[in-house]
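Data block below; observations after.
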Amino acid sequence: MTQETFTFQAEVGKLLDIVARSLYSHKEIFLRELISNASDACDKLRYESLTNKELTDTSGGDYRVVLRTDKKKKTLTVTDNGIGMSREELTELLGTIARSGTQAFAEQLSGNKDADMSLIGQFGVGFYSAFMVADKVEVVTRKAGEDKAWAWESDGQGTYTIADAERDTCGTDVIMHITKEDKEYLDDARISTVVKTYSDHIGVPVFLVSSDAEGGEEALTSAAALWTREKKDITADQYKEFYHHAAHAFDEPWLVMHNKVEGVLSYTNLLFVPAMRPWDMFNGERKNKVKLYVNRVFITDDCEELLPAYLRFVRGVVDSEDLTLNISREMLQRDPKLAKIRKGVVKRILGELKKKAEKKPDEYATFWENFGAVVKEGLYEDFENRDSVMELSRFKSTAGDDLVSLAEYVGRMKEGQSAIYYITGEDKEQVARSPQLEGFRAKDVEVLFLTDPIDDFWIQSVNQYEDKLFKSVTRAGDDLDSITEDGDKAKGDKKKDESVATPGIDSLIARIKISLGEAVKDVRVSSRLTDSAVC
Numbered sequence: 078m079t080q081e082t083f084t085f086q087a088e089v090g091k092l093l094d095i096v097a098r099s100l101y102s103h104k105e106i107f108l109r110e111l112i113s114n115a116s117d118a119c120d121k122l123r124y125e126s127l128t129n130k131e132l133t134d135t136s137g138g139d140y141r142v143v144l145r146t147d148k149k150k151k152t153l154t155v156t157d158n159g160i161g162m163s164r165e166e167l168t169e170l171l172g173t174i175a176r177s178g179t180q181a182f183a184e185q186l187s188g189n190k191d192a193d194m195s196l197i198g199q200f201g202v203g204f205y206s207a208f209m210v211a212d213k214v215e216v217v218t219r220k221a222g223e224d225k226a227w228a229w230e231s232d233g234q235g236t237y238t239i240a241d242a243e244r245d246t247c248g249t250d251v252i253m254h255i256t257k258e259d260k261e262y263l264d265d266a267r268i269s270t271v272v273k274t275y276s277d278h279i280g281v282p283v284f285l286v287s288s289d290a291e292g293g294e295e296a297l298t299s300a301a302a303l304w305t306r307e308k309k310d311i312t313a314d315q316y317k318e319f320y321h322h323a324a325h326a327f328d329e330p331w332l333v334m335h336n337k338v339e340g341v342l343s344y345t346n347l348l349f350v351p352a353m354r355p356w357d358m359f360n361g362e363r364k365n366k367v368k369l370y371v372n373r374v375f376i377t378d379d380c381e382e383l384l385p386a387y388l389r390f391v392r393g394v395v396d397s398e399d400l401t402l403n404i405s406r407e408m409l410q411r412d413p414k415l416a417k418i419r420k421g422v423v424k425r426i427l428g429e430l431k432k433k434a435e436k437k438p439d440e441y442a443t444f445w446e447n448f449g450a451v452v453k454e455g456l457y458e459d460f461e462n463r464d465s466v467m468e469l470s471r472f473k474s475t476a477g478d479d480l481v482s483l484a485e486y487v488g489r490m491k492e493g494q495s496a497i498y499y500i501t502g503e504d505k506e507q508v509a510r511s512p513q514l515e516g517f518r519a520k521d522v523e524v525l526f527l528t529d530p531i532d533d534f535w536i537q538s539v540n541q542y543e544d545k546l547f548k549s550v551t552r553a554g555d556d557l558d559s560i561t562e563d564g565d566k567a568k569g570d571k572k573k574d575e576s577v578a579t580p581g582i583d584s585l586i587a588r589i590k591i592s593l594g595e596a597v598k599d600v601r602v603s604s605r606l607t608d609s610a611v612c
């Protein structure tokens, strides 16, 4: 047998140290992560076998995850009959994980156990949680459609090996050599409790085979997809664990949306908005992470047509009986049924966000701090739902520290004010110091701070809100003359100001015009600056 030894990517070494030694208070999640990976592998083979006729599916449709304990050998094995991995994929996925963001993961590690744990699944590195309970991990796998099998092995100390192996069918075995301190994970009762706590919701059945058992295997899960159940039969904890599975996350879901649409077109969606900002939210590819199923058969988790990019932070599943089961990803782009599903799902998400904003504004403000910069992309990209996105949008302003909606801004506009004023810049502190705001502050006219990169794009295409034009303060100095500060008092002050003209101002303007000639178009008095010198 040919065996080669490789060195882990540098960041993986740090990752292994953190995962294996720092997150000890949550060790049981390793099993959830491995079962989730096994379930995903089964889903992928189920889909690929529908669209690739040359691919051999040896499962007979009986996809499963099997756990095997062996107290004599001190091993716990997680086996699936899913799609498996090729030699190249073993190196790419288990040796470098460059695609999964290991470098970014390492950079974001904070030293806080709960915060660091929440990053594991988000970065797609859940496999390495096996080293929390094992001093050696072996992976035996065979890719569907290939004849050769491969064995990957590592003790997590900096190197791994890949060698030829034997496996009769496609699928993967993850064999963990359990440490003495973690022998509880060789106990059937403990394994059963962990699986039922964390993985009861997945659509692939999980079985337990013990070296102590006398024949047969024990079913640990019902294999009923959670979204197919009635909402009244699902607990908050079950929703939470499904979110952990679907999003590969450890935080609490901030918002849960579970509903069934029946009619000419039927579908079910179980969607979540995370409490924490996903690490890759500003990735240039802007892919959504919602999984598409057809009649409970996984189709893809990379469907651009299912959700617009500005909702890419949403996690979960959409399942429809009305789409074609063997639909290709190319056909999805042209499927009118999927377009209708997308329209309904987007409307549902925006509607639920609006309810949150109205009923729990403080919680919504936290959501906006996390995801607002992405949601505002919809102002530029989604003309059909632009009004809804505008209603959801929140801004910092000169009025104080609280975020303000456009409706609130319009509701407190000054008498004589006809536009919504804004200023753009890199951050709130920078724009707040701008001399351009002096005249507006003097008359207590609120100005919105547009400090996200996307603001420069949408503000050019969105002209108005409720018949009120958006106007930059850099082009609105003359507007201040028609705006009163505060009712009758301001009117009286204005008349007083008009009756006491600045002595000699007209002659000064005339002399400046003569002096500058055609170098300037006009010279006039401005109330834009109140403290800074004219420049």
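For the sequence shown, my numbering gives the first residue as 78, with consecutive numbering after it. Ideal Cβ positions, reconstructed from N, Cα and C, are used throughout, including at glycine.
Here the region 537 to 553 lies against the region 497 to 515, with 3 or more beta-carbon pairs under 8 angstroms apart. Taking every protein chain shown into account, the CB of P385 has 16 or more other CB atoms within 10 angstroms, so this residue is buried.
Taking a 10 Å sphere around the C-beta of S126, we find 16 or more other C-beta atoms and assign the residue as buried.
Across the set T79, R373, L342 and M358, the C-alpha of M358 shows the shortest separation from the C-alpha of R392. It is roughly 59 angstroms from the alpha-carbon of T475 to the alpha-carbon of E230.
Counting only the Cα atoms, S538 lies some 29 angstroms from L409. About 21 angstroms separates the beta carbon of C380 from that of V281, a gap too long to meet the 8 angstroms contact definition.
Taking the Cα of G248 as reference, the smallest distance to any Cα among R219, H254 and K130 is reached at R219. Here the alpha carbon of G340 sits roughly 15 angstroms from the alpha carbon of R419. Restricting attention to S592, A302, K431 and D478, the CA atom closest to the CA of M467 is found in K431. Contact check for V251 against V142 fails: the beta carbons are separated by 7 angstroms or more. In the structure shown, the three-state DSSP call for R392 is strand. DSSP lists V217 and A240 as the beta-bridge partner residues of A228. Boundaries of the alpha helix (DSSP H) around N114: I106 to T128.
By the Cβ rule, the region 513 to 530 counts as touching the region 476 to 487, because three or more pairs are nearer than 8 angstroms. Counting along the chain, the unbroken beta strand (DSSP E) around T501 starts and ends at A496 to T501. Counting along the chain, S482 sits inside the beta strand (DSSP E) bounded by residues G477 to S482.
Taking a 10 Å sphere around the C-beta of D532, we find 16 or more other C-beta atoms and assign the residue as buried. Taking the C-beta atoms as reference points, T84 is found nearer than 7 angstroms to T236. Assigned with DSSP and collapsed to three states, V597 falls in coil, not helix or strand. In this chain, the beta strand (DSSP E) harbouring I376 covers V374 to T377.
For the 7 angstroms CB-CB criterion, A240 and Q80 form a contact. Rounded to whole angstroms, the gap between the alpha carbons of H335 and K149 is 45 angstroms. Between the alpha carbons of N462 and Y387 lies a distance of about 12 angstroms.
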